[in-house]
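Report on the following structure.
Numbering (the working numbering), first residue to last: 1 to 212.
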C-alpha cells in the first residue's frame, strides 16, 4: 500500500470509510478523557472527517494530518471554512482559526509540530494501515506525543480472510502489542454488528502516554 492507493481512493465519488455524521463512539466516549475542552487534538489520517468539526464545537483546536490534498480541499469547501494557506517547511494545507490541516506524510510529522497537542483521536488511521505500517504508526505516534497526552482509539476486529481491507482488522491483542509499551490502555466499550455479511466488533480504547 502506497500513497497512490489513497490518492486513487479519494478520486472516487464516495468513500466507504467517510461518515456523514460525527462518529457515535466519539460523541459518547470523548468525555471519558476528562479534558478541559480547549486542548489541541491531533487527528491522524483525518480525510474530510466531520469529527473534526465536532471537536471544534466542543471548544478544541484541531491538528489534522492527511495525505490527500483533495480530501482537505473538500473538507474546507463543504463546510465553507475561511482558511489561509498553511505556512510550513514540510507540509502544505489549510489553516483556519480553529484548525491546522496538514497535507502530507504523517510519518514526517514532528514532535515540534505537536508541541501544543494534548489529545488525539484515531477512528480511521490505525485501521487504514496494513500490519507492517501499523507497527511503524504506533511507534511514531508515541514519539510525537508528549507525556500524559491522552487519546481515543477506535479499532475493528473481524475475520480478515472474509473481507479485505481497508479498514483492516485489528484485534485487542494487537492493540496491546502495539501500544502498551508507551501508553496506558483502557478498553471502555465494544459493539458487534454485521458489515458486508461479516461480523465486525468495534472497540474503543482510552490511551494515555506514559512517562518517557
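Cβ atoms here follow ideal geometry from the backbone N, Cα and C, with glycine treated the same way. Bear in mind the structure is a predicted one, so any value in this text is a computation, not a measurement.
- Query: To the nearest angstrom, how far is it from the Cα of residue 23 to the Cα of residue 138?
  - Reply: 22 Å
- Item | alpha helix (DSSP H) segment containing residue 73, residue limits | 69 to 78
- Does the beta-carbon distance from residue 102 to residue 120 come in below 8 Å? no
- Throw me the rounded Cβ distance for the residue 78 and residue 95 pair, which I believe falls under 8 Å. 17 Å between Cβ atoms; not a contact.
- Cα-Cα separation, residue 40 to residue 60: 6 Å
- Query: Are there three or more Cβ pairs, one per stretch, closer than 8 Å when the stretch 139 to 157 is compared with the stretch 47 to 62?
  - Reply: no
- Query: Taking DSSP as the reference, what is the three-state secondary structure of residue 56?
  - Reply: helix
- Item | Unbroken alpha helix (DSSP H) run spanning residue 183, endpoints | Here residue 183 belongs to no alpha helix (DSSP H); instead the beta strand (DSSP E) covers 183 to 195.
- Task: Kindly indicate which residue of 209, 180, 131 and 145 has the alpha-carbon position closest to the one of residue 110.
- Result: 145
- Message: Do residue 160 and residue 169 have their beta-carbon atoms positioned less than 8 Å apart in this structure?
- Response: yes
- Query: Comparing alpha-carbon positions, which option in 27, 157 and 179 lies nearest residue 200?
  - Reply: 157
- Task: Would you mind working out which of 208, 44, 165 and 184 sits nearest residue 195, comparing C-alpha positions?
- Result: 165
- Looking at residue 162 and residue 198, is the spacing between their C-beta atoms short of 8 Å? yes
- Can you tell me the Cα-Cα spacing of residue 114 and residue 42, whole angstroms? 8 Å
- Query: Does the ligand HEM have even one heavy atom less than 7 Å from the beta-carbon of residue 152?
  - Reply: The ligand HEM is not part of the structure shown, which contains no ligands of any sort.
- C-beta atoms of residue 97 and residue 45 nearer than 8 Å: no
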